[in-house]
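Adding 4 to a residue's 1-based position in the sequence shown gives its number in our numbering.
Below you'll find the structure, written out as structure tokens, and then a few comments.
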Amino acid sequence: MSKSNEVVESVEAVFDNVSTPWLTPFYQQLQNNFHQGRFPHGLLFTGSGGIGKYKIAKQLAQFLLCSNKQANDACFQCHSCQLMAANNHLDFQLLAAEKNKSIGIDQVRALTETLNERPHLGNNKVVVIKGADQLTESAANALLKTLEEPQGDSYLILLARTHHQLMPTLLSRLQQTHLHSPDDQMLIDWLYQLGYQVSDLGVLRWFQNSPLALLNHLNALKQDASLDTRRQCVEGLFNVLFQPINLFAFAQLIAKDVEQNLLLLFHLLHDIHKLKLNHNQLNQDAIYYFALPQLQTWQTQLSLKSLRVLSAEILKTRHLLMEHSALKKELLINALLIKIKNKFKES
Ligand SMILES: [Zn+2]
5 MSKSNEVVES VEAVFDNVST PWLTPFYQQL QNNFHQGRFP HGLLFTGSGG IGKYKIAKQL
65 AQFLLCSNKQ ANDACFQCHS CQLMAANNHL DFQLLAAEKN KSIGIDQVRA LTETLNERPH
125 LGNNKVVVIK GADQLTESAA NALLKTLEEP QGDSYLILLA RTHHQLMPTL LSRLQQTHLH
185 SPDDQMLIDW LYQLGYQVSD LGVLRWFQNS PLALLNHLNA LKQDASLDTR RQCVEGLFNV
245 LFQPINLFAF AQLIAKDVEQ NLLLLFHLLH DIHKLKLNHN QLNQDAIYYF ALPQLQTWQT
305 QLSLKSLRVL SAEILKTRHL LMEHSALKKE LLINALLIKI KNKFKES
């Protein structure tokens, strides 16, 4: 499994004991639906990585498998609940897509076979598929069959960032819910309860749709302050412009997580762009507000046209590297950084 996928995995897996208040109303609604006998066999949760899709799926699985369901949750005491807590429940199956790899028909067949077996405990079975947008067409078709002829009380919960890659026939069999991020106040209160007083609103914008990733970021910063990727981006660009010898070091740093770091670089230029259009002013919740003086200097050194060209180049490189994992990352990023450096030189 690749690095950045591990990050997302760990983001959702590590926080078993962290509350997710923005998901509570939805979770309660799901339970009400269950108690009222209006619960579908196939569910799809969409939303950004770090919003808590897996967390709510696992909570729901625990509830569905619990042999002593309460009005508002699982009982957390029965044998089934204990097995879930120990990650050792045979009636709960997880299939997780690997980054840049599709989920093939063999994987799905193995899964549907276990769905056809009798439950080991109780009456229900729950299968969760992470990265359901990576199902191949034949795999999706195999899944469709189980949804059309559900065996007893088996439930299928699919997780994906968006529904766009899912086959319409599969989608039509699923009850889809898009999970939304909490507003700033709820986020700030939630973080405060977890021991973080956030005054830098830019970090909220950066992790806007990924509260658990934000918490992960703050936890990491507490351990090692040098892991502040936004600061690394500002320093990296500064070095590219004034200490060319460090260009490759910055490229290597970006290459560690192309998806995130090139987006951060894009946002850096975007904030410079905003300064240029807005009389050298920036909103306090801009991602790079903390580096305002430096950005104010840079905005005088780049034309609007250069900013547009470079922004497009960054997104192009990011797209290319995300689609083709075999490409020489550092070389492409190096070339991109040289283009940025040259645009600064022009003015
Ligand atoms: Zn229970």
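Virtual Cβ for every residue (Gly too), placed ideally from N, Cα, C.
Mapping the DSSP letters down to three states, classify Tyr292 as helix, strand or coil.
coil
Measure the beta-carbon distance from Leu336 to Leu319 and round it to whole angstroms, keeping in mind my assumption that it falls under 8 Å.
About 13 Å; that fails the 8 Å criterion.
Count the other CB atoms, across all protein chains shown, that sit within 10 Å of the CB of Ile249; report buried if there are 16 or more and exposed otherwise.
exposed
Use the C-beta contact count for Ser52: other C-beta atoms within 10 angstroms, 16 or more gives buried, fewer gives exposed.
buried
Per-residue burial, Phe80 [other beta carbons within 10 Å of its own, 16 or more giving buried]:
exposed
Can you tell me whether DSSP reads His184 as helix, strand or coil?
coil
Indicate, with yes or no, if ligand 1 has a heavy atom lying under 7 Å from the CB of Cys237.
no
Entirely within the stretch 42-79 and at least 3 residues each: give me those beta strand (DSSP E) ranges in chain order.
46-50
With the cut-off set at 8 Å, would you say Leu216 and His45 are in Cβ contact?
no
Could you tell me whether the stretch 133-149 touches the stretch 105-122, using the rule of 3 or more Cβ pairs below 8 Å?
yes
Nearest-angstrom Cβ-Cβ length linking Leu174 and Ala146, presumed shorter than 8 Å:
That pair is no contact at about 10 Å.
Distance, Cα to Cα, Leu341 vs Glu153?
54 Å
Quick one: which unbroken beta strand (DSSP E) runs of 3-plus residues sit fully inside the stretch 74-114? Chain order, please.
96-100
Where the alpha helix (DSSP H) containing Ile337 begins and where it ends
333-350
For the beta strand (DSSP E) containing Gln129, name the first residue and the last one.
Residue identity check: residue 129 is Lys in the sequence provided, not Gln. Its beta strand (DSSP E) spans residues 128-134.
Take the Cβ of Tyr196 as the centre, count every other Cβ of all protein chains shown within 10 Å, and call the residue buried at 16 or more, exposed below.
exposed
Here's the rule I'm using: 16 or more other beta-carbon atoms within 10 Å means buried, otherwise exposed. How should Asp95 be labelled?
buried
DSSP-derived helix/strand/coil call for Asp157:
strand
Taking Asp275 as part of the alpha helix (DSSP H), name the residues at either end of that continuous run.
262-281
Is the Cβ-Cβ distance between Lys333 and Ala224 less than 8 Å?
no
Confirm, please, whether the CB-CB distance from Leu296 to Leu286 is below 8 Å.
yes
Does Gln300 come out as helix, strand or coil in the three-state DSSP assignment?
helix
Does Lys349 pass the burial test, meaning 16 or more other C-beta atoms within 10 Å, or should it be called exposed?
exposed
Could you work out which residue in Arg113, Pro123, Ala78 is closest to Asn36 when comparing CA atoms only?
Ala78
From what residue to what residue does the alpha helix (DSSP H) around Arg234 run?
233-246
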